[in-house]
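Asks:
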Amino acid sequence: MTAVLDQAAPASWLQRAGAFAIDVLAGAGLIVTLALLALSAPLYSWFWWVCTVAAALAGVAVLVNRIGLPAFTGWSLGRSVFGIRVVSAAGDAGLLRLLLRDVAHLLDTAAVFVGWLWPLWDARNRTFADLLAHTEVRRVESAGEGVRRRAGAVLLVLAVLSGIAGGLGYYAVYRQDRAVDQARAQIAEQGPRIVEELLSYGVDSVDEDFAKAQSLATDNYRQQLIAQQDAVRKAGPTTNDYWAVSSAVLSNPEPTATEASMLMALQGQRGTNPQELKFITATVQVDFTKSGDRWLVDNLTVLKRPALNGGGQ
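Here you go:
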């Protein structure tokens with residue numbers, strides 16, 4: 171084998187580039203697509219896991235084809251198509267030498283890609299990585315019948331997988347963005363009304379109003395709301411009306427399909443006697459959570475305490 175390899179002509183730059191495109195670039199395209207989809211998906215969501223695991227498996231497959239197969243069979247898929255082989259002075263390059271060679275390709279890239287072009291004027295068509303690993307790429311006999319057919323099948327599978335990944339990613343990201351936009355629109359419309367019903371009650375219907383308010387709160391916030399309602403009962407309830415005069419969906423934190431926060435300016439009045447009405451202003455931040463098809467208050471933080479102004483003239 172050594173004598174045969176010594177007599178073989180160096181592989182041309184185009185042959186090496188074609189083999190590299192099949193062995194690395196085709197798989198890298200799928201890996202990059204999956205990685206971008208993982209970055210666009212919610213962290214640790216099912217879609218994030220699918221994309222991350224698939225990208226890792228694709229990376230392993232590229233390494234096995236690029237380094238593992240040549241170490242034991244002498245061929246990678248791309249090199250078998252173009253009839254070229256990585257060799258050393260002793261014959262076929264072993265696993266460690268092939269690994270060192272691919273790591274050394276970082277030097278080819280770091281030198282503003284000059285290392286990848288070096289075979290165009292090197293007498294033995296070597297890259298910087300070949301010089302460092304003491305390897306050459308030479309033309310040899312074909313790896314056998316059907317090589318191009320197998321390579322074409324692999325490239326077709328990669329293209330189909332990339333297309334599926336791209337389509338699935340577009341659908342998943344588009345659906346997520348659409349769900350967030352719908353949630354933002356829903357909470358912008360419904361949020362102020364929910365808070366008005368949560369905080370308003372009448373002296374003649376306090377039990378019903380309090381029960382309705384509790385139905386608008388999540389389990390997380392309901393106990394705090396009940397404690398506030400009990401304090402109102404002990405103090406002697408009176409009519410308490412609130413209405414939102416200004417509101418905005420917050421972008422920090424960013425809303426999701428099931429969670430959103432609002433900043434709200436409230437005005438209201440307290441009391442039933444026109445001569446003793448108290449006018450109220452307050453500013454609150456309200457966190458909402460979607461349960462089924464309903465938005466519920468998960469927390470209400472008072473940013474500006476209610477201010478009471480004097481009664482009627």
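Residue numbers (the working numbering): 171 to 483. Even for Gly, the Cβ is constructed at its ideal location relative to N, Cα and C.
#1: What did DSSP end up calling Y340 once you bin it into helix, strand or coil?
#2: Look up T388 in the DSSP assignment and give the residues it is bridged to.
#3: In the DSSP assignment, find the beta strand (DSSP E) that holds F458 and state where it starts and stops.
#4: Contact defined as beta carbons within less than 8 Å: I believe F458 pairs with A430. What is the distance between those atoms, to the nearest angstrom?
#5: Starting from W413, follow the beta strand (DSSP E) in both directions and report where the run begins and ends.
#6: Count Cβ pairs between the region 232-248 and the region 266-274 that sit closer than 8 Å; are there 3 or more?
#7: Between the C-alpha atoms of H275 and D351, what's the straight-line distance to the nearest angstrom?
#8: In terms of residues, what are the limits of the alpha helix (DSSP H) holding R485?
#9: In its own chain, which residues sit with a C-beta less than 8 Å from the C-beta of Q483, not counting the 5 before and 5 after it?
#10: Roughly how many angstroms separate the alpha carbons of A181 and N295, rounded to a whole number?
#11: Taking the alpha-carbon of E306 as reference, which of K382, G264, T428 has the nearest alpha-carbon?
#12: Does DSSP classify W288 as helix, strand or coil?
#13: Roughly how many whole angstroms lie between the Cα atoms of F298 and W286?
#14: So, for G199: in the same chain, excluding its five sequence neighbours on each side, which residues have a beta-carbon less than 7 Å away from its beta-carbon?
#15: Looking at the strands, I want to know which residues DSSP matches up with A211.
#16: What number of angstroms, rounded off, separates the C-alpha of L395 from the C-alpha of F380?
#17: Can you tell me whether A435 is helix, strand or coil according to DSSP?
#18: Rounded to a whole number of angstroms, what is the C-alpha to C-alpha distance between G248 and L213?
#19: For G462, which of P444, A231, T428, A208 has the nearest alpha-carbon?
#20: Do R255 and V194 have their CB atoms nearer than 7 Å?
Replies: Quick look at the numbers:
#1: helix
#2: DSSP lists no partner for T388.
#3: Secondary structure note for F458: its beta strand (DSSP E) is the uninterrupted segment 448-461.
#4: 5 Å
#5: 410-419
#6: yes
#7: 45 Å
#8: Past the boundaries of the shown model lies residue 485; the chain is included only from 171 to 483, so the question cannot be answered.
#9: Any reading at Q483 is ruled out, since the residue's pLDDT is 38, under 50, leaving its predicted position unreliable.
#10: 7 Å
#11: Closest in C-alpha terms to E306, from the list K382, G264, T428, comes G264.
#12: helix
#13: A direct Cα-to-Cα measurement between F298 and W286 gives close to 8 Å.
#14: S332
#15: Answer is none; A211 lacks a bridge partner.
#16: 9 Å
#17: strand
#18: A direct Cα-to-Cα measurement between G248 and L213 gives close to 35 Å.
#19: Residue T428 is the option with its Cα nearest to G462.
#20: no
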